[in-house]
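Student: Quick mapping for you: the protein sequence lines, in order, are chains H and X. To convert, note that position 407 of the first sequence is 403 in the working numbering; the numbers rise steadily by one, no gaps. Just so we're on the same page, the working numbering is the position in the second sequence counted from 1, plus 134. The C-beta atom is built at its ideal place from N, Cα and C for all residues, glycine as well. If you're wondering where the values come from, they're calculated on a predicted model, not measured in any experiment.
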Amino acid sequence: MTATRTDAPPPQLRLPKRRGVELALLVGAVLISVYGYAAVGLAHDHAIPPDVAGYGAGLGLLALLAHLAVRFRAPHADPLLLPIAVLLNGLGLVLIYRLDLETPKDQAAPTQLIWSTLGVALFIVVVVFLRDHRMLQRYAYLSVAASLVLMIVPIFFPAVNGAKIWIRIGGFSFQPGEFAKILLAVFFAAYLSANRNALAYTGRRIWKLQLPTGRVLGPIVAIWLLSVGVLVLERDLGTSLLFFGLFVIMLYVATGRTGWIAVGLLLAAVGAFAVGSFEPHVHSRVQDWLDPFASIDAGEGPSQLAQSLFAFAAGGMLGTGLGLGHSILIGFAAKSDFILATAGEELGLSGLTAVFLLYALLVARGYRAGLALRDPFGRLLSIGLASILALQVFVIAGGVMGLIPLTGMAMPFLAQGGSSVVTNWIIVALLIRISDLARTPHPDQVETGDIAPIVEDPS
Amino acid sequence: MIRYIRRAAAFCLLLLMALLLNAARIQVFQADELDDNPANRRRTIDRYDQPRGNILVGGKSVTGSKNTDEQLTYERTYTDGSLYAPVTGYASQTYGTTLIENAEDDILSGTDPLLAPLPLWDEITRSRQPGGNVATTVKDSMQRAAYAGLGGRRGAVAALEPSTGKILALVSTPSYDPERLSGTGSSVTDAWLQFNRARSQPMLNRAIRQTYPPGSTFKIVTAAAALDADVVEDPDAETDTPSPYVLPGTSTTLPNEARGCEYASLAEAIRVSCNTVMAHLGVEVGLDGMVKAARKFGFNDSGLRIPSGVARSNFDTDMSNDQLALSSIGQFNTTATPLQMAMVASAVANGGDLKYPYLVDRTTTRSGTTVHQNGPRPYHQAMSPRTATQLRQMMIDVVEQGTGSNAAIGGATVGGKTGTAQHGIDNSGTPYAWFISWAQASNASRPAVAVAVVVEDAAAKRADISGGGSAAPIARAVMEAALRG
């Protein structure tokens, strides 16, 4: 469209870095969180909380430091990832602070703030020191070994509320399974990117089903056994569902083979059905899901799930307003697994939809980075990490809203839980890293031989 | 790979859609059902989240609210709990509400849409209106006079303003303090058990929820029926009733407590309370006529509300003549609430024009703007004005020269009728002493008050119990309070 015609070489295509957009969105995210914090105080005590400035400054400082790390070390990164993470984290802090008002003896917000700080610190560490995500590929087998250890260790610790997923040392507790998620995603991405052709095109054909050879099938069976093993030994339906879902998505993206993914899903369904029928802890969850009001009819008062549904219903379209709901009636785990019920009651369907869309945007941005990348490992890793978020949101949100059986799992960024917050910050850091590479312009890049042209499945 | 990534993204989108649709299902489509679930505490918490509106007697509140800082924040208090319990009822966090607390709950709890100036806006902002107030028709001085007069004996008093139907006093004793039921916890459940197990039944509202055989006070209804049906044309003319009177179709004889009842005139029969004459007149009027007359006074009306429901006063509609004879003197299956008998007196006092009784004068917002104003409503023309005039005179005679002399008030015209009802097998139960009356100040154009008193007293000797003896003085005290204004 330019009218100028010169003999000079055309100006280099200048891709906008969008760091200014990120900063503006961050300011918005911090302001929304601070506003929420003030709204809770106004509604509950008819006064703005005295530490609102400190809270805002703290959150703003964290956001600023994260932004600076991105600006200097990943200048081409997707500008939406960090603001969404800050907003969700800030909103989570507001909700936890709001619930703390109902439980004066059990203050969770300060601890959560410390964990958030740690999470942002690790975010900065990853963004600054991880030059290229492809170096993670080298540690595939180390990460799967580490993730196995992390998952197995809690079996030796006493069960907390029926699930053996915690390590408690002193007053300090964390869920190692949370960190295992990232390590497994790294392993899956590395293994599948290395073996995807073998998986997709070799092996025997039985009836209409093409099965891979035993050598490549081995790890898949192992993972299936692992996920059921986690389920049985730790009574943690959520994590096993997440692992399996993550594996299936990554396998599908890597190979495009729907046939035996269906077989895998069938096996998982059989396993889940068996465990759901015979393992009492899981069985009771399934019963709760089938009839959330059974305990009311039995005269034992509403179950947690029923209380959660009551909270969502009380929110209606527009919500009661921050600080004005009664989601504390859920009782135990109101700040962790059931945090979404507070969002649903006090922000209503409109607020809840906004929260879901924030997650959706985060996931979409992860997928987008995967699409833009050229190396299969990076692709699979970003799809895997984004899928972890998507599956986690679905499993816990669907659980507390009666869509699927309830399984203990943290709502990413919103829920109380240090390991979860830290893990999610690392996930976002990795996505920032990957998206930076995906969006960095390489006008002089030459196609190298090691990236094969994509062969689409003709079927 | 790109195609598979797109498909995986589509799968994630599917999950998002499932979550959103499910959220809409719970938060919009099933929301009302979940909100209404009795196990959902939110309605209860919201309900007690603000002070409850007050119930007013003579412009002064007889209720209050206190902040307990518990999950259910505000609890009901009562200034004169036992005195006004038959009017207010209780508002309990454990046991719900009764009487005005129940009937006007929407106003008192602030949920009535009429309280909100902008209902739609309040719906959106979820703002709640402060509880409104309920002004009763009760007069404090009369309520206290009745309560003191009963003095803890089992009994009840109902007083009406004949020209309007306003309930001026509604007392039931022994009573209870509804404040003890306001909250939650073991002290409340203990009080509840104590009240419910007590033989004196303190929570029974005898004035409107308990029916008694009305005994001789029912003779006013029979007399009205006889006069309206022209069975008696001249109340001072002799009737052809022997004494004792043999119940029709039986060999049972009906005696008189009073003397001089043989062939007594209607006026005389009312004045000295002759069973024989009134039983005979009832039979002469016939079943249909008696049922019709009783209905016009309010008997057999199970839908009477003041606004709380009033127990149905009964006059059987299917009887043999001997049963009709007994029913016509307020025995057999005839029963009446004290309020019903006050309505009988009120109908006579107001020229036969019986007004619908009501207890709530008006409801207001917290700041005093009227939400709803009640006024006089016609109930039935219970008898012709001529009959009413005749009965008026007969009731005056009862007080001036008959069994009701204890109710006489200087400087006022008082009409009354005594009653003593036996009940139980072979009349073994404690008799009920009845007195119904009305009073008109000598300088007033119409009667100011109609009252019914019933006393059941197991401690007293049976011989001492008669309408004129124990009930009439209470009626007089209540009427005096009414006449003082």
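1) Give me the subset of the stretch 236 to 264 of chain H whose CB atoms are less than 7 Å from a CB atom of chain X, sorted by chain position.
2) Could you tell me the distance, in whole angstroms, from the CA atom of Met151/X to the CA atom of Arg141/X?
3) For Arg14/H, which three-state DSSP category applies?
4) Count the other C-beta atoms from every protein chain shown that fall within 10 angstroms of the C-beta of Met131/H, then say buried if there are 16 or more, exposed otherwise.
5) Taking only beta-carbon positions, decide if Val505/X is within less than 8 Å of chain H.
6) Compare the Cα-Cα distances from Ala358/X to each of Ala483/X, Ala573/X, Gln535/X, Val305/X and report the closest residue.
7) Going by C-alpha to C-alpha distance, which of Thr403/H, Ile163/H, Phe373/H, Ala365/H sits closest to Leu427/H?
8) What are the residues that DSSP puts in a beta bridge with Lys200/X?
9) Is there a C-beta anywhere in chain H that falls below 8 Å from the one on Ala152/X?
10) For the stretch 82 to 92 of chain H against the stretch 104 to 116 of chain H, are there 3 or more C-beta pairs whose distance is under 8 Å?
11) Quick one: measure Cβ to Cβ for Arg343/X and Gly289/X, integer angstroms, because I've assumed they're closer than 8 Å.
12) To the nearest angstrom, how far is it from the Cα of Lys595/X to the Cα of Pro565/X?
13) At 8 Å on the CB atoms, spell out the chain H contacts of Ala250/X, in chain order.
14) Return the first residue and the last residue of the alpha helix (DSSP H) that Ser112/H is part of.
15) What is the residue span of the alpha helix (DSSP H) that Val221/X lies within?
16) Buried or exposed for Thr504/X, please, with buried defined as at least 16 other CB atoms from any protein chain shown within 10 angstroms of its CB.
17) Using the Cα positions of Phe175/H and Ser415/H, report the straight-line distance between them to the nearest angstrom.
18) In terms of residues, what are the limits of the alpha helix (DSSP H) holding Gly395/H?
19) At a CB-CB cut-off below 7 Å, which residues of chain X make contact with Gly311/H?
20) Within this structure, are the beta carbons of Leu367/H and Ile139/X separated by less than 8 Å?
21) So that I know if they touch, is there some Cβ in chain H lying closer than 8 Å to that of Met477/X?
22) Does the beta carbon of Tyr363/H come closer than 8 Å to any beta carbon on chain X?
23) Please confirm whether Ser539/X and Ala479/X have their CB atoms less than 8 Å apart.
24) Kindly provide the ranges of any alpha helix (DSSP H) runs that are 4 or more residues long and lie completely inside the stretch 381 to 464 of chain X, ordered along the chain.
25) So the candidates are Pro75/H, Leu262/H, Ser304/H; which of them puts its Cα closest to the Cα of Glu18/H?
26) Compute the distance between the beta-carbons of Leu493/X and Ile234/X, then report whether it is under 8 Å.
27) Excluding the five sequence neighbours on either side, which residues of its own chain have a C-beta within less than 8 Å of the C-beta of Tyr208/X, listed in chain order?
28) Give a yes or no on whether 8 Å exceeds the smallest Cβ distance from Ala144/X to chain H.
29) Any beta carbon of chain A sitting closer than 8 Å to that of Phe390/H?
30) Which residues mark the beginning and the end of the beta strand (DSSP E) in which Gln574/X is found?
31) Inspect the beta-carbon positions of Thr554/X and Ala567/X and report whether they are closer than 8 Å.
32) Examine the Cβ distances between the stretch 447 to 458 of chain X and the stretch 420 to 428 of chain X and report whether three or more of them are shorter than 8 Å.
33) Using only the alpha-carbon positions, how far apart do Glu167/X and Thr316/H sit?
34) From Arg511/X to Lys300/X, what distance separates their C-alpha atoms?
35) With distances taken from CA atoms, which of Leu348/H, Ala268/H, Leu377/H is nearest Val282/H?
36) Beta carbon of Ala481/X, beta carbon of Phe431/X: below 8 Å?
Tutor: Considering the structure as presented:
1) Within the stretch 236 to 264 of chain H, the qualifying residues are Ile245, Tyr248, Val249, Gly252.
2) Rounded to whole angstroms, Met151/X and Arg141/X show a C-alpha spacing of 15 Å.
3) Coil at Arg14/H, not helix or strand.
4) Its Cβ having fewer than 16 others within 10 Å, Met131/H is exposed.
5) For Val505/X, the answer is no, since every Cβ of chain H falls outside 8 Å of its Cβ.
6) That would be Ala483/X, whose Cα lies nearest to the Cα of Ala358/X.
7) Measuring from the Cα of Leu427/H, the nearest candidate turns out to be Ala365/H.
8) Per DSSP, Glu209/X.
9) Contact of Ala152/X with chain H is assigned, a C-beta pair being separated by under 8 Å.
10) In short, these stretches touch, since the Cβ pair count reaches three.
11) In this structure, Arg343/X and Gly289/X do not form a Cβ contact; the two beta carbons are roughly 14 Å apart against a cut-off of 8 Å.
12) For Lys595/X, the predicted model reports a pLDDT of 46, less than 50, meaning its position is unreliable; a value from the coordinates is still stated below. The straight-line gap separating the alpha-carbon atoms of Lys595/X and Pro565/X is approximately 10 Å.
13) The premise fails here: Ala250/X is roughly 17 Å from chain H at the closest Cβ pair, so nothing lies under 8 Å.
14) From DSSP, the alpha helix (DSSP H) with Ser112/H extends over 105 to 125.
15) Run containing Val221/X: 215 to 222, per the alpha helix (DSSP H) assignment.
16) Around the beta carbon of Thr504/X, a 10 Å sphere encloses fewer than 16 other beta carbons of the protein chains shown; the residue is thus reported as exposed.
17) In a straight line, the C-alpha of Phe175/H is about 7 Å away from that of Ser415/H.
18) 372 to 396 is the span of the alpha helix (DSSP H), which, as asked, contains Gly395/H.
19) Taking a Cβ-Cβ threshold of 7 Å, the residues of chain X close to Gly311/H are Gln161, in chain order.
20) At a Cβ-Cβ threshold of 8 Å, Leu367/H and Ile139/X count as neighbours.
21) Cβ-Cβ to chain H under 8 Å: no for Met477/X.
22) Yes, contact with chain X.
23) The answer is no: Cβ separation not under 8 Å.
24) The stretch 381 to 464 of chain X contains, as complete alpha helix (DSSP H) runs of 4+ residues, the segments 400 to 406, 409 to 419, 421 to 431, 455 to 461 (chain order).
25) In terms of Cα proximity to Glu18/H, the closest of Pro75/H, Leu262/H, Ser304/H is Pro75/H.
26) Judged by beta-carbon spacing, Ile234/X lies within the 8 Å limit of Leu493/X, meaning their Cβ atoms are closer than that value.
27) Cβ contact annotation for Tyr208/X (same chain, cutoff 8 Å, sequence separation greater than five): Tyr182, Asp183, Gln184, Pro185, Arg186, Ser199, Lys200, Asn201, Thr202, in chain order.
28) No, its Cβ sits nowhere closer than 8 Å to a Cβ of chain H.
29) Given the protein chain composition of this structure (H and X), no chain A is represented.
30) Annotation: the continuous beta strand (DSSP E) that includes Gln574/X extends over 566 to 575.
31) Yes, the Cβ-Cβ distance between Thr554/X and Ala567/X is below 8 Å.
32) Contact between the stretch 447 to 458 of chain X and the stretch 420 to 428 of chain X is present, because at least three Cβ pairs lie under 8 Å.
33) Taking the Cα positions, Glu167/X is about 17 Å away from Thr316/H.
34) Using only the alpha carbons, I get a separation of about 10 Å.
35) Nearest C-alpha to Val282/H: Ala268/H.
36) Between Ala481/X and Phe431/X, the C-beta gap is smaller than 8 Å, which places the two residues in contact.
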